[in-house]
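In the working numbering, the protein residues as written are 1424 to 1760.
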Amino acid sequence: MGFDGFVLISVIYAVIGVQAIYKLVRSWSETWDRNFTQKDRILVDQAAFFVLVPVSVLLHEGGHAATVELFGGTVTDFGFYGFAGYVSYDGFRFSLVEQMLVAAAGTIVNLVLCLAAFAFVFLKQPPARAAINELLIQFAFISGLNAFVVYPVLDLASGLNGDWRQMYDGGVPWLTAIIVAVQAAILFGGYWFFTNPSMKARVAQLTDIPPGLERGAMGGLKRGSVDTATLSPSERVMYDAIQRVSSGWSSPVQTGVQRFPQGSAITLEWDSSGKPHLAAVRAFASGSADIVGFHLGKKSDEEARPQPLHGWAVFPDVDTMTLALRLAMETIDREDW
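Encoded structure:
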């Protein structure tokens, strides 16, 4: 891509970014309070993409420049487009190893930023507000995906002769092998992080992901799926009860599974008279279970919390749960609960 192409994309990126920042500033207090709504999540995710990603790109290029100076070279040109950038330098006396380390320096900065974001989210005690955790996790996801997947593919496919082409074909096989091994480990670690049930549950807890939803492949939210092959015995009872009630319900019922440190839940979402309704059947590690409903579209903390509809101190059989679930859904449909 030529200079004009980068400038055009940079202008479009900046225009959209300014609009996103304007919306965030207008809703600043509401976005960062302790009641994290879906509207807030969208604004925070946009901030991660249009505010933190450009900062990481600038620091990425700064990593290149600092390494050039460290090895005794001179930076001769610097470009920054918001979503991308470049550093040119005079390093004719650099060894092949030094040239590869200069190329790798920017990506190392990205890795440090991602690890710092995750460390803050998972190690801070008490945990930060959901909006802050969402901002940092989304930033780490986008920045890591760009640095270790998108950029290498783009570099190799387009012939840009950027960082990754220089790292892969730098003339020092042992260093290339280390770089490839580190990249593979990071990709595997990222895949595990976003697919491991326990980790997904922890992220959902820290970022207040609504019941029935989970983080998707591109970092956004999607409806949680139910993989019947992975259901535990208690989850199987809940799922069978839900299927019995759903089969005779007046409108389609969508389900999703969520797992959390204290147990698991299977959610139900359906429409009645044009209005969405949401309930969940939950099983706890203590052996108890309950059915809760949610008042959708409510802003207050009290109304947004799950409202108890039925509970058992000892986990029930499928027939008992089916009857209670049917009554709970009918209660929610009446809208007087």
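Backbone N, C-alpha and C fix where the C-beta goes; we use that ideal spot for every residue, glycine too.
Taken in chain order, the unbroken stretches of beta strand (DSSP E) that lie wholly in the stretch 1426-1514 and span 3 residues or more are 1497-1503, 1508-1513. Closest option to Phe-1494, judged by alpha-carbon separation, among Tyr-1509, Leu-1475, Ala-1528, Pro-1596: Ala-1528. Beta bridge pairing from DSSP links Trp-1735 with Ala-1712. Assigned with DSSP and collapsed to three states, Lys-1623 falls in helix. DSSP, reduced to helix, strand and coil, places Gly-1582 outside both helices and strands of the structure shown, so it counts as coil. Residue range 1596-1618 is occupied by the alpha helix (DSSP H) that includes Ala-1604.
In the displayed model, Thr-1745 falls within a helix according to three-state DSSP.
Note on Trp-1451: under 16 other CB atoms within 10 angstroms of its CB, so exposed under the neighbour-count rule.
The three-state reading of DSSP puts Arg-1638 in strand, counting E and B together. At the C-beta level, Arg-1464 and Thr-1630 come within 9 Å of one another.
If the five residues before and after Met-1590 are omitted, its C-beta is found closer than 7 Å to the C-beta atoms of Met-1523, Ala-1526, Ala-1527, Thr-1599, Ile-1602, all from its own chain and listed in chain order.
By the C-beta criterion, the stretch 1655-1662 is judged to be in contact with the stretch 1684-1694, since at least 3 inter-stretch pairs fall below 8 Å. Counting along the chain, no beta strand (DSSP E) covers Thr-1530; the unbroken alpha helix (DSSP H) around it starts and ends at 1519-1546. Bridge pairing for Pro-1549: absent [DSSP]. Residue burial annotation: Ser-1673 is exposed, with fewer than 16 other C-beta atoms found within 10 angstroms of its C-beta.
Short of 6 Å from the beta carbon of Val-1467, and not among the five residues preceding or following it, lie these beta carbons of its own chain, in chain order: Ala-1554, Glu-1557, Leu-1558. When the Cα atoms are used, Tyr-1504 and Leu-1701 turn out to be separated by approximately 44 Å. A check of alpha carbon separations from Phe-1683 across Met-1622, Ser-1670, Gly-1612, Ala-1747 identifies Met-1622 as the nearest. With respect to Val-1498, Ser-1518 sits apart: the two C-beta atoms are not nearer than 9 Å. Looking only at Ile-1609, Gly-1508, Trp-1597, the smallest Cα-Cα distance to Leu-1538 is reached by Ile-1609.
The continuous beta strand (DSSP E) containing Gln-1681 extends over residues 1677-1683.
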